[in-house]
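Below is one structure; the comments refer to it alone.
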Amino acid sequence: MLGSLFRKLLTMSFEFSPIDHVWVLLCAGLVFLMQAGFLCLETGVTRTKNSINVAVKNISDFGVSVFVFWMLGFGLMFGPTLGGGIGGSLFFPDFTQSDPWLGTFFIFQATFCGTAVTIVSGAVAERMRFSVYLWLTLFVALVIYPMFGHWAWGGALVGEPGWLAKLGFIDFAGSTVVHSVGGWVALVAIAMIGPRQGRFLEDGKPRAIHGQNLPLAILGSLLLCFGWIGFNGGSALEMNGSVPHILANTFLGGITGLLSMMFVGWKWDGYTNPTYPMNGLIAGLVSITASCHMIASWQAVVIGGVAGLIAFALEKALLRVKFDDVVGAFPVHAGAGVWGTLAVGFFGDLSLVENANTRLEQIGIQGLGVVVCFLVVVIPTFLFLKFLSLWGGLRVDFKSEHDGLNVSEHNATTEYLDLLRDMEEQATSSDLNKRVRVEPFTEVGQIASKYNEVLQSLQVTIARDEMIVRDTRDAIVSCREDGRILSVNPGAEMMFELTEAELLRRNVLEFLECPSQSELLKRLAMDSGITLSAHLVSHRKNRLYVEIEGSTRLVSHHVVITLHIRNVTETLNYRKELTAAKEKAEAARDELQLKVNEVEAFNKIAVDRELRMIELKKKINQLCAELGREPPYLNGQHGEVAKQGSEK
């Protein structure tokens, strides 16, 4: 905070015009609005079960940070320097008894302190204990932020500048003082508390944990961009002609950061991740914050664009080392903040700085400031968190994290969480008779009602299937690929002549006899459409002939084969009896046919004889007629002699 924009403060002149007061106070309000932006962003990218905890942290850290900043932090940061190392007065300031500018300046700087602290909240979301977070907030606001802030910005209100400022270190609105400080604290915290449950798979690959409301998170990033008007514009500490230039560069840096991270992420992943434009916008704004007062517009474009690429690369790097930064606080704030601070040396118009260094010297001084910030933040934060870990750990226990910090930390719940807990309780008890609670006239209530309807249908279906499985005489056996029995139905107990408990200790192949027995299960698993025959030898050595069908499914990454075994022994016996009866019937039919043929042959002979007799009688009658005698046989009455002839 050096140069012509701060000459009034460096000369301890408190003669600011009313418009300057109005402008700085208005900007302080805009910076305070960034607190709401962080709340929306962090709440949107976390899960519903932790949303209340995130919101409570955002409002609580602001209260804690501003309070301790008023007590001691403000004096340590902006009080008259003690050898360039720390401020020595202005503790517990009474603004009613001082120049109005002191109150204006305090309000503006207090919002900066709140911003630096709340950066950590999103990084450690969903697993850090609330009490630990408050202690960390107090430590950052009371020790780390004021100490490094004095080195870089000390003397901006009264007295001599801090030692870094004397060297010529430039950080206009806090790329390092605010954002890198918060980003480095976040990195140490996430390294020490570890990732969320389920964030990384067993092979180390990251698993996406989707937030509850990404549109809300994107709204939060836009609120941050809006608040940045006050962040950078207010850092001029007066309304003058440089403010439009500062704000224009601020927007250019943010927009190019948005575009660069969005498009490189699109190219890398093959799709547009909603978090990339959001984080790219913030990274660009962070990077431009250190130099927006002393660069050209095209340089703002370059700085913001590079910041988006750096944030993207660091985000991927964190995943490789299994660091779980929920909102990307370290890549966006520390990574882009370091780049933005160094960019002052690369691009800044050093003619605007009194007693300017050469460009190479300025780059070295900016680099020194970055390294000093890293050391003064990382080492004390690590030691402080190590000390807090001795008091019961930094993160909540497994169950609390699973249930969500809303309940475990604040005893607060939501309709969605109540529904999930009812469903989880039902899943644990496996009692389908239970129903989830229905909250009337709400969307969650409608979901619960439909869920209960699905349960009812499922219960009916399962009951019907259980009746089929229970009452069937066929054996239904589930087993592993090696044949180890996992479950059986009552039909299997009867067929194998063993109880369920006894069967669960056996291998199904022990009971089956067939060619290629070792390939039986493999064939059934490969082709569920085939039926194989085998002999089943029960526990009592009863030998049954069975037919087997199989189906395969994957259960918890294990292959399970379900065998449907039908006892076809009686069927085969019936078939044999039917075959024997059929053979007997066919033999009787053949014998009967033979008798019929004999009768038919006899009848044929009899008919032939009858015809010959009739013909003979006709000839006798004809001969008698020729001899003048009366025919002995009457016409139509063969075998009868005329009465007259018989009487004679």
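Every position in the sequence shown, counted from 1, becomes a number in the working numbering once 792 is added. Glycine included, C-beta positions come from ideal geometry on N, C-alpha and C.
Expressed to the nearest angstrom, what Euclidean distance is found between the alpha-carbon atoms of residue i and residue j?
i: L926; j: M1318; result: 59 Å
i: T1371; j: D1400; result: 43 Å
i: Q1436; j: L1419; result: Because Q1436 sits at a pLDDT of 43, beneath the cut-off of 50, its placement in the model cannot be relied upon, and the following sentence gives the value as read from the coordinates. In a straight line, the C-alpha of Q1436 is about 17 Å away from that of L1419.
i: E1292; j: V1280; result: 6 Å
i: F940; j: G1237; result: 52 Å
i: L1403; j: V1388; result: 22 Å
i: A1105; j: D1061; result: 13 Å
i: I1021; j: G855; result: 23 Å
i: D1195; j: E1302; result: 46 Å
i: R1151; j: A1092; result: 18 Å
i: K1411; j: A1398; result: 20 Å
i: F866; j: G1025; result: 21 Å
i: N1065; j: I911; result: 22 Å
i: A957; j: I1155; result: 14 Å
i: D886; j: L894; result: 9 Å
i: V1170; j: V1094; result: 29 Å
i: K1191; j: N845; result: 16 Å
i: M1070; j: I1087; result: 24 Å
i: V924; j: Y1243; result: 39 Å
i: E1311; j: R1332; result: 26 Å
i: I936; j: V1164; result: 12 Å
i: E1369; j: E1375; result: 10 Å
i: E1498; j: R988; result: In this structure the chain extends from 793 to 1440, so residue 1498 is not present and cannot be described.
i: T1042; j: V1056; result: 22 Å
i: E1305; j: A1373; result: 31 Å
i: S809; j: H1037; result: 21 Å
From the DSSP output, in three-state form, read off residue i for me.
i: P938; result: helix
i: F992; result: strand
i: I752; result: In the structure as shown, the chain begins at 793 and stops at 1440. Residue 752 is therefore absent and cannot be evaluated.
i: P1423; result: coil
i: E1444; result: Residue 1444 cannot be examined here, being either before or after the span of the chain that is shown, 793 to 1440.
i: P1069; result: helix
i: E1305; result: strand
i: N1299; result: strand
i: A965; result: coil
i: R1381; result: helix
i: M838; result: Looking at the sequence shown, residue 838 is not Met but Thr. It is coil, neither helix nor strand.
i: R1441; result: With the chain represented from 793 up to 1440, any question about residue 1441 goes unanswered, as that position is not in the structure.
i: M804; result: Residue confidence is low: M804 scores 40 on pLDDT, short of 50, so the model does not pin down where it sits. Its coordinate-derived value is still stated next. It is coil, neither helix nor strand.
i: G876; result: coil
i: T1323; result: strand
i: I1249; result: Rather than Ile, the amino acid found at residue 1249 in this sequence is Ser. The answer is helix: DSSP assigns S1249 an H, G or I state.
i: E1392; result: helix
i: I844; result: helix
i: V950; result: coil
Give me the Cβ distance between residue i and residue j, rounded to the nearest whole Å; I'm assuming they're in contact under 8 Å.
i: G1120; j: A1103; result: 7 Å
i: L979; j: F1122; result: 5 Å
i: L1008; j: G829; result: The Cβ separation is near 11 Å, so there is no contact.
i: G1097; j: T1048; result: 4 Å
i: G1275; j: L1316; result: The pair is not a contact, with the Cβ atoms about 11 Å apart (cut-off 8 Å).
i: A964; j: H1085; result: The sequence given here places Phe at residue 964; Ala does not occur at that position. With a Cβ gap of about 5 Å, F964 and H1085 count as contacting.
i: A915; j: A847; result: Not really, about 16 Å apart at Cβ, beyond 8 Å.
i: L1295; j: I1277; result: 5 Å
Going by beta carbon distance, what residues of the same chain come within less than 7 Å of residue i, once the five residues before and after it are set aside?
i: R1335; result: H1327, V1329
i: L864; result: F883, L934
i: K1226; result: Q1218
i: G1019; result: L822, V823, L825, M826, G829
i: T1361; result: L1336, Y1337
i: S1241; result: V1230
i: F1138; result: I1155
To which residues does DSSP link residue i through a beta bridge?
i: P998; result: F992
i: L1328; result: L1304, L1336
i: N1359; result: V1338
i: V1352; result: R1345
i: S1279; result: S1270
i: R767; result: Because the chain here runs from 793 to 1440, residue 767 falls outside it and cannot be looked at.
i: R1187; result: M920
Which same chain residues, not among the five before or five after residue i, have their C-beta less than 8 Å away from its C-beta?
i: S843; result: T835, Q1004, N1198, T1206
i: C832; result: L1008, A1009, L1011, G1012, L1015
i: G1046; result: C1017, W1020, L1073, I1074, G1076, L1077, I1080, G1096
Here's a check: name, in chain order, each residue in its chain whose Cβ is nearer than 6 Å to the Cβ of residue i, leaving out the five neighbours to either side.
i: M793; result: With a pLDDT of only 42 at M793, under the threshold of 50, the placement of this residue in the model should not be trusted; the figure read from the coordinates follows. Same-chain partners within the cutoff: W945, A948.
i: T1354; result: S1270, S1343
i: A902; result: V858, F861
i: A1135; result: S1083, I1095
i: L868; result: I878, G879, P938
i: E1107; result: G1120, P1123
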